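Residue numbers for the sequence shown follow my numbering, so the first one is 350 and each next one is one higher. Shown next, in structure tokens, is the structure this report addresses.
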Amino acid sequence: MPVLTRLVPSPLFVEIRPGALDALGGILADQRLSALGRIAVAISNGSGTAMRRRLEPALPGADWYNVDDGSLDSAVSLAESMRGGHYDAIVGLGGGKIIDAAKYAAARVGLPIVAVATNLAHDGICSPVSTLDNDAGRGSYGVPSPIGIVVDLDVIRQAPQRFVAAGIGDVVSNISACADWELSHAVTGEPVDGLAVAMARSAGENLLRHPGSTQDQDLLTALAEALVLSGIAMNIAGSTRPSSGACHEISHALDVLHPKRSAQHGEQVGLGAAFASFLRGERELSGLIVERLARHGLPVTAAQIGFTDAEFTEAVHYAPNTRPGRFTILEHLDLSPSAIRDAYADYVQAVNS
Numbered sequence: 350m351p352v353l354t355r356l357v358p359s360p361l362f363v364e365i366r367p368g369a370l371d372a373l374g375g376i377l378a379d380q381r382l383s384a385l386g387r388i389a390v391a392i393s394n395g396s397g398t399a400m401r402r403r404l405e406p407a408l409p410g411a412d413w414y415n416v417d418d419g420s421l422d423s424a425v426s427l428a429e430s431m432r433g434g435h436y437d438a439i440v441g442l443g444g445g446k447i448i449d450a451a452k453y454a455a456a457r458v459g460l461p462i463v464a465v466a467t468n469l470a471h472d473g474i475c476s477p478v479s480t481l482d483n484d485a486g487r488g489s490y491g492v493p494s495p496i497g498i499v500v501d502l503d504v505i506r507q508a509p510q511r512f513v514a515a516g517i518g519d520v521v522s523n524i525s526a527c528a529d530w531e532l533s534h535a536v537t538g539e540p541v542d543g544l545a546v547a548m549a550r551s552a553g554e555n556l557l558r559h560p561g562s563t564q565d566q567d568l569l570t571a572l573a574e575a576l577v578l579s580g581i582a583m584n585i586a587g588s589t590r591p592s593s594g595a596c597h598e599i600s601h602a603l604d605v606l607h608p609k610r611s612a613q614h615g616e617q618v619g620l621g622a623a624f625a626s627f628l629r630g631e632r633e634l635s636g637l638i639v640e641r642l643a644r645h646g647l648p649v650t651a652a653q654i655g656f657t658d659a660e661f662t663e664a665v666h667y668a669p670n671t672r673p674g675r676f677t678i679l680e681h682l683d684l685s686p687s688a689i690r691d692a693y694a695d696y697v698q699a700v701n702s
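Here is the structure:
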């Protein structure tokens with residue numbers, strides 16, 4: 350009887366440990382990705398300057414590129430600047446915006462990308478998607494996922510705690526996204542990839558039940574690993590399905606309708622996951638998500654991220670437009686604005702009880 354297997358697209362290497370940043374040159378050489386250090390390093394204009402001073406002596410063959418922001422224009426400009434550089438790889442060194450811009454630029458010039466995260470705000474460190482600001486607000490662009498991941502836990506510990514907490518919100522939202530995928534399978538017959546679900550949901554459950562704080566190395570390690578698993582799950586599925594359901598539709602709607610007022614991505618999708626679980630009738634899960642988000646200082650109501658009930662209701666009603674063809678609890682219920690308003694009022698009452 351033949352043994353049937355499939356190849357799972359995943360990073361060539363994942364380094365999650367204290368001190369990993371200072372070993373970056375050696376890591377690239379050991380992995381035979383860049384033995385001579387001919388790499389392009391994308392950094393921010395802010396904190397990236399200090400990182401450059403720290404790493405430049407150990408990376409003498411690197412060229413450094415400042416990225417203005419997390420916009421499509423900046424990503425395209427980065428790609429054009431790097432053309433003709435004869436690099437072995439691109440390193441995106443920074444937070445989610447820098448890494449997303451570097452991933453997009455790497456795709457345009459046909460080079461592998463190594464993500465070196467300075468915070469853990471969302472699963473962009475391993476995902477096959479770049480989320481970039483554009484003229485219409487914000488868009489998601491399919492790109493090859495990073496060939497390598499480097500997370501220095503000493504650096505992460507120095508990042509603003511809000512960013513670390515936002516990563517927890519992003520990972521926990523996997524649980525709601527997988528529930529939406531399974532709902533679509535039951536209602537529409539959409540195929541579900543069980544391996545992708547297993548990885549994404551396990552990552553979310555681990556963070557949902559982890560007893561540590563954002564200062565604990567064990568939790569930071571678990572969060573970094575969970576973000577990597579989320580990215581691999583998306584690679585397996587060939588889409589963002591295992592990590593993006595109604596939770597992300599709501600977040601994208603807030604971005605579109607209120608582009609100047611959006612909160613952290615992980616903050617918005619965490620709230621979206623709690624409310625989507627409430628809509629699916631999973632009150633115990635919704636309550637558990639609320640408890641875990643609040644424990645880490647994450648918002649659990651629209652007011653806590655600066656939106657009125659009416660604005661949140663509008664966003665939930667608009668949310669299905671952000672992902673045409675994706676079936677979640679929002680498409681299934683197809684609630685009117687007044688029904689959404691009433692459901693959200695019930696949710697807030699449950700949160701405050």
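C-beta atoms are modelled at their ideal positions from N, C-alpha and C, and glycine is treated no differently. All figures in this text were calculated on a predicted structure; none of them were measured in a lab.
Alpha carbon to alpha carbon, how far is residue j from residue i? Give it in angstroms, no decimals.
i, j, result
"Gly674", "Asp412", "42 angstroms"
"Ile388", "Lys452", "14 angstroms"
"Ala668", "Asp542", "24 angstroms"
"Ser494", "Pro477", "4 angstroms"
"Ile496", "Leu370", "16 angstroms"
"Gly444", "Val665", "28 angstroms"
"Met345", "Gln653", "Limits of the chain in this structure are 350 at one end and 702 at the other, which puts residue 345 out of reach."
"Leu373", "Phe661", "43 angstroms"
"Ile585", "Val618", "22 angstroms"
"Tyr696", "Thr657", "14 angstroms"
"Ser359", "Ser533", "26 angstroms"
"Ala545", "Arg355", "13 angstroms"
"Leu606", "Glu539", "29 angstroms"
"Glu554", "Val357", "22 angstroms"
"Gly386", "Gly434", "13 angstroms"
"Asp501", "Glu405", "17 angstroms"
"Arg641", "Leu647", "8 angstroms"
"Gly518", "Gly397", "25 angstroms"
"Val440", "Ala407", "14 angstroms"
"Ser713", "Glu631", "Since the first and last residues shown for the chain are 350 and 702, residue 713 lies out of range."
Closest to residue i by C-alpha separation, out of the options, would be which residue?
i, options, result
"Val521", "Leu572, Ser562, Ser479", "Leu572"
"Thr589", "Ser383, Ser687, Phe676, Arg402", "Phe676"
"Arg629", "Gly561, Val546, Val618, Glu531", "Glu531"
"Gln566", "Ala545, Val513, Ala694", "Val513"
"Pro560", "Arg381, Arg610, His645, Ile689", "His645"
"Tyr681", "Arg690, Gly594, Val700, Asn701", "The question names Tyr, but residue 681 is His in the sequence shown. Nearest option by C-alpha distance: Gly594."
"Asn701", "Ser685, Thr650, Gln507, Ala450", "Thr650"
"Val536", "Ala547, Gly587, Ile678, Gln698", "Ile678"
"Ala659", "Leu637, Val639, Ala694, Asp683", "Ala694"
"Ala549", "Glu631, Val639, Val492, Cys475", "Cys475"
"Asp529", "Gly491, Thr570, Arg511, Glu598", "Glu598"
"Ile505", "Leu442, Asn483, Leu460", "Leu442"
"Asp604", "Asn483, Pro409, Ala399, Ala643", "Asn483"
Could you tell me how far apart the beta carbons of residue i and residue j are, in whole angstroms, since I believe they sit closer than 8 angstroms?
i, j, result
"Ile448", "Gly486", "Actually they do not touch by this definition, with Cβ atoms about 20 angstroms apart."
"Ser479", "Asn523", "Going by Cβ atoms, the distance from Ser479 to Asn523 rounds to 19 angstroms, so no, they are not a contact pair."
"Ala454", "Ala428", "4 angstroms"
"Ile498", "Val363", "5 angstroms"
"Leu481", "Gly491", "With a Cβ gap of about 12 angstroms, Leu481 and Gly491 do not count as contacting."
"Gly516", "His471", "6 angstroms"
Leaving out five residues on either side along the sequence, give the residues of the same chain with a beta carbon under 6 angstroms from the beta carbon of residue i.
i, result
"His601", "Thr671"
"Ala612", "Ile654"
"Arg457", "Ala428"
"Leu557", "Val521, Arg641"
"Ser383", "Leu377, Asp437, Ala438"
Excluding five sequence neighbours on each side, which residues of the same chain lie with their C-beta closer than 7 angstroms to the C-beta of residue i?
i, result
"Ser635", "Ala623, Ser626, Phe627"
"Ser503", "The amino acid occupying residue 503 in the given sequence is Asp; Ser does not appear at that position. The residues are Pro367, Gly368."
"Asp417", "Asn394, Ser423"
Keeping to the same chain, check which residues put their C-beta closer than 8 angstroms to that of residue i; ignore five residues upstream and five downstream.
i, result
"Pro509", "Asn468"
"Ala552", "Val520, Asn523, Glu574, Ala575, Leu576, Leu578, Ser579, Ala582"
"Arg401", "Val390, Ile392, Trp413"
Below 8 angstroms, is the gap between the Cβ of residue i and the nearest heavy atom of the ligand ADP?
i, result
"Asp683", "Looking at this structure, you won't find the ligand ADP or any other ligand, since it has none at all."
For this session: Note down, one range per segment and in chain order, each alpha helix (DSSP H) of at least 4 residues found wholly within the stretch 431–519.
Result: 445–458, 502–507
Problem set entry | Minimum length 4: unbroken alpha helix (DSSP H) runs contained in the stretch 556–604 | 566–586
Problem set entry | Start-end ranges of the beta strand (DSSP E) lying completely within the stretch 353–404, minimum 3 residues | 362–366, 388–393
Exercise. Quick one: complete beta strand (DSSP E) runs, 3+ long, within the stretch 635–696?
Worked result: Entirely contained in the stretch 635–696, not one beta strand (DSSP E) run reaches 3 residues.
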